[in-house]
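Read through the structure below, which is laid out as C-alpha cells, and then see the notes.
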Amino acid sequence: MAFQLDIVTPERTVYTGVVDHVQAPGSEGSFGVLQHHAPLLAALDVGTLSFRAEGESSPRHMACSGGFIEVLGDRAIVLAQTIELGDEIDLARAEASRERARERMRQREDVDMARAQAALERALIRIKVAGSG
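Here is the structure:
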C-alpha cells in the first residue's frame, strides 16, 4: 500500500521516497492521499504537510507555505513555494515572526491586514511543526 512521493521547491528537492500516506493542506481544506488515489491536481495552502514513509511508524511533518500537489498513478508530486522540516525551523526566529505579525495587526494604521494575517499564519504553522519534532 505504498506510492512514490516527491516534494520539491524552486531551490531544492526536499524529499523523494516511498510513503504509505500523505496529508496535505489543500486550499479547500486538508485532505489525505493513499495508494491508488484518483488523479488529482490541487492547490495547497499554508499548513502542515505530513507523510508516513514506508516502514516508519510515525509521520513526518513539514511547514508548507503553499503550492500544488499532483497525484497520478502511484506517484504524488508536491511543488511547494517553500517547505521546511521541523528540525530545519529556527523556533526563535519563527516566534519573532509571529510577534512582528501580531504587532503589525495591532497597529491597524497603514497595515496591509491580509499580508499581516498571512505572515502570522505562516509563523504559527512553523512553530507548530517545529514543536512536533
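Here the sequence shown is numbered in this note's numbering, starting from 1 and rising by one per residue.
Glycine included, each C-beta is placed from N, C-alpha and C at the ideal position.
None of these values were measured; they are calculated from a predicted model.
For the candidate residues the options, whose alpha-carbon lies nearest to that of residue i?
{"i": "E121", "options": "D45, L5 and Q23", "result": "D45"}
{"i": "T82", "options": "E109, G47 and S57", "result": "G47"}
{"i": "D74", "options": "V8, S50 and D20", "result": "D20"}
{"i": "Q35", "options": "T13, Q4, Y15 and L49", "result": "Q4"}
{"i": "V14", "options": "F51, S27, G26 and A92", "result": "F51"}
{"i": "A76", "options": "E28, A24 and E11", "result": "A24"}
{"i": "A43", "options": "G29, H37, D6 and A2", "result": "G29"}
{"i": "M1", "options": "G55, F31 and R104", "result": "G55"}
Please tell me whether residue i and residue j are closer than 8 Å, where the distance is taken between their beta carbons.
{"i": "V98", "j": "L124", "result": "The residue you asked about is not Val; residue 98 is Arg in the sequence shown. Closer than 8 Å, so yes."}
{"i": "R126", "j": "A94", "result": "yes"}
{"i": "A130", "j": "A101", "result": "no"}
{"i": "G17", "j": "A63", "result": "no"}
{"i": "L41", "j": "E88", "result": "no"}
From what residue to what residue does the alpha helix (DSSP H) around residue i run?
{"i": "R104", "result": "L91 to Q107"}
Using a beta-carbon distance below 8 Å, is residue i in contact with chain D?
{"i": "S97", "result": "No chain D appears in the structure shown, which is made up of a single protein chain."}
Jot down the residue ranges of each uninterrupted beta strand (DSSP E) in the region 4-82, minimum 3 residues, whole runs only, in chain order. Runs found: 13-26, 29-33, 40-53, 60-72 and 75-80.
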